[in-house]
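This report refers to the structure that appears directly beneath it.
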Ligand SMILES: Nc1ncnc2c1ncn2[C@@H]1O[C@H](COP(=O)(O)OP(=O)(O)OP(=O)(O)O)[C@@H](O)[C@H]1O
Ligand SMILES: [Mg+2]
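Numbering (the working numbering), first residue to last: -10 to 272.
Structure below.
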């Protein structure tokens, strides 16, 4: 059972940190989760009372311990899984209405999940083909998406000819090719080495600033969440709900000088403390 008094105490402690202030609601929400719960057929309650509003143009990280329901939350938002309780609304619409204009979201999984027998180009074309986009227009859009992730010269390569980071770039191009207003990313860089991860973090931020979509990014990493996001949602252990949220009000563009700054270290300390408290909380 949740222990509300404990949670209030912990939130009060975190709120006393100088920068742990939720950001002003500057833009309207793209998607809002109202009291979402998800119980699987096995009986596992993965999410309970998850309330979340993601605003247009935000880069939000979901940060939480393994098994707290982060992937489940993304799948529910993507419509890949139905909530057991609660609801989801999209810019004031219920999801059913919104789904008429599919695809509403791009999804980047932890594994690149590419078709091994198809070239980079064919892999990125797939969502457009499924949507029935006319071939010439689809070719143009796929080519642009591949260029955007810096893989123009690997257009005709097969996944086996690419490094892990390059495969992930293809996966991002495939998610972006339909120009979704919302991009969901489930620990996309967790399996990569640190140098590649840092590089992809920078490229992702550049893409985000250029394309202007809204991003929900799942990660275990305090450091990654602070580097990328304007807002970090810290989740409780299972069943997952929001423990607290933290604003990362450092300006963009962020680059290596931010990564080594005192400001970055301070935000990491705050996020790290919030995560420890979330993990110690009784859900
Ligand atoms: N299809 C499913 N059937 C039954 N239980 C599931 C299913 N998917 C997830 N779960 C359970 O729901 C809980 C939350 O899982 P989820 O994958 O959302 O966690 P997570 O926060 O993404 O973890 P990780 O950080 O390790 O990826 C876990 O206890 C998991 O075992
Ligand atoms: Mg997961």
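For every residue, glycine included, the Cβ atom is placed at its ideal position computed from N, Cα and C.
Leaving out five residues before and five after residue 94 in sequence, what residues of the same chain have Cβ atoms less than 6 Å from its Cβ?
On the chain shown, position 105 is the one that residue 94 refers to. Answer for residue 94: 67, 169, 171, 173, listed in chain order.
What does the alpha-carbon distance come out to for the pair residue 233 and residue 222?
Here the question's residue 233 lines up with position 244 in the chain shown. Here the question's residue 222 lines up with position 233 in the chain shown. About 6 Å.
Rounded C-beta distance between residue 58 and residue 41? I'm assuming under 8 Å.
For the purposes of this step, residue 58 is taken as residue 69 along the chain shown, with counting starting at 1. For the purposes of this step, residue 41 is taken as residue 52 along the chain shown, with counting starting at 1. Not really, about 12 Å apart at Cβ, beyond 8 Å.
Give the range of the alpha helix (DSSP H) segment to which residue 160 is assigned.
Translated into the one-based positions of the chain shown, residue 160 becomes position 171. First-last of the alpha helix (DSSP H) with residue 160: 153 to 165.
Relative to ligand 1, what is the chain-ordered list of residues with a Cβ closer than 5 Å to any of its non-hydrogen atoms?
Chain-ordered list of matching residues: 29, 31, 33, 35, 55, 56, 57, 58, 59, 60, 61.
Going straight from the alpha carbon of residue 20 to that of residue 72, what length do you get?
Locating residue 20 in the chain shown gives position 31, where the first residue counts as 1. Locating residue 72 in the chain shown gives position 83, where the first residue counts as 1. Taking the straight line from one Cα to the other gives about 14 Å.
Tell me where the alpha helix (DSSP H) around residue 117 begins and ends.
Start at 1 with the first residue of the chain shown, and residue 117 comes out as number 128. Taken as a continuous stretch (DSSP letters only), the alpha helix (DSSP H) holding residue 117 covers 109 to 120.
Rounding to the nearest angstrom, what Cα-Cα distance links residue 252 and residue 105 in this structure?
Walking along the chain shown from the start, residue 252 turns up at place 263. Walking along the chain shown from the start, residue 105 turns up at place 116. Roughly 43 Å separates the two Cα atoms.
Does the segment 155 to 162 touch the segment 183 to 196, meaning 3 or more C-beta pairs lie closer than 8 Å?
Touching, per the Cβ criterion.
Taking the C-alpha atoms as reference points, what is the distance between residue 119 and residue 255?
Translated into the one-based positions of the chain shown, residue 119 becomes position 130. Translated into the one-based positions of the chain shown, residue 255 becomes position 266. Near 46 Å, if we compare the C-alpha coordinates of residue 255 and residue 119.
Distance check for residue 209 and residue 53, CA to CA, integer angstroms please.
As a working note, residue 53 is residue 64 in the chain shown. As a working note, residue 209 is residue 220 in the chain shown. Each residue's alpha carbon lies about 6 Å from the other.
Alpha carbons only, please: which of 139, 102, 141, 145 is nearest the one belonging to residue 111?
Position 122 of the chain shown, counting from 1, holds the residue named residue 111. Checking every option, the nearest Cα to that of residue 111 belongs to 145.
Which residues bound the beta strand (DSSP E) around residue 183?
Counting from 1 along the chain shown, the entry for residue 183 is found at position 194. Note, residue 183: premise wrong, no beta strand (DSSP E); alpha helix (DSSP H) at 183 to 200.
Would you kindly work out how many angstroms separate the C-alpha atoms of residue 238 and residue 219, rounded to a whole number?
Taking the first residue of the chain shown as position 1, residue 238 is located at position 249. Taking the first residue of the chain shown as position 1, residue 219 is located at position 230. So the two alpha carbons sit approximately 6 Å from each other.
Decide if the segment 200 to 209 is in contact with the segment 43 to 53; the criterion is three or more beta carbon pairs, one per stretch, under 8 Å apart.
Yes, the segment 200 to 209 touches the segment 43 to 53.
From residue 212 to residue 257, what does the alpha carbon distance come to, in whole angstroms?
As a first step, residue 212 must be located in the chain shown, where it is residue number 223. As a first step, residue 257 must be located in the chain shown, where it is residue number 268. Approximately 6 Å between the Cα atoms of the pair.
I need the boundaries of the alpha helix (DSSP H) containing residue 248, first residue and last residue.
Here residue 248 corresponds to residue number 259 of the chain shown, with the count starting at 1. 245 to 248 is the extent of the alpha helix (DSSP H) around residue 248.
Are the Cβ atoms of residue 194 and residue 217 separated by less than 9 Å?
Along the chain shown, read from residue 1 onward, the residue named residue 194 stands at position 205. Along the chain shown, read from residue 1 onward, the residue named residue 217 stands at position 228. Yes, the Cβ-Cβ distance between residue 194 and residue 217 is below 9 Å.
Return yes when at least one heavy atom of ligand 2 lies under 8 Å from the C-beta of residue 213, else no.
In the chain shown, residue 213 corresponds to position 224, counting from 1. No.
Can you check the segment 9 to 87 for any alpha helix (DSSP H) of at least 4 residues that lies completely inside it and give the ranges in chain order?
Segments of the alpha helix (DSSP H) lying fully in the segment 9 to 87: 59 to 67, 84 to 87.
Can you determine whether any heavy atom of ligand 2 sits closer than 8 Å to the C-beta of residue 207, and answer yes or no?
If you number the chain shown from 1, residue 207 lands on position 218. Yes, the beta carbon of residue 207 sits closer than 8 Å to at least one heavy atom of ligand 2.
I'd like to know whether the C-beta atoms of residue 162 and residue 127 end up nearer to each other than 9 Å.
Taking the first residue of the chain shown as position 1, residue 162 is located at position 173. Taking the first residue of the chain shown as position 1, residue 127 is located at position 138. In this structure, residue 127 does not lie closer than 9 Å to residue 162 by Cβ.
Which value, in whole angstroms, describes the spacing of the CA atoms of residue 56 and residue 227?
In the chain shown, the residue the question calls residue 56 occupies position 67. In the chain shown, the residue the question calls residue 227 occupies position 238. So the alpha carbons of these two residues sit roughly 6 Å apart.
Just checking residue 176 against ligand 4 - is the residue's beta carbon closer than 8 Å to any of the ligand's heavy atoms?
Looking for ligand 4 in the displayed structure turns up nothing; the ligands present are ligand 1 and ligand 2.
Determine the extent of the alpha helix (DSSP H) in which residue 212 is found, giving its start and end residues.
In the chain shown, residue 212 corresponds to position 223, counting from 1. Run containing residue 212: 211 to 217, per the alpha helix (DSSP H) assignment.
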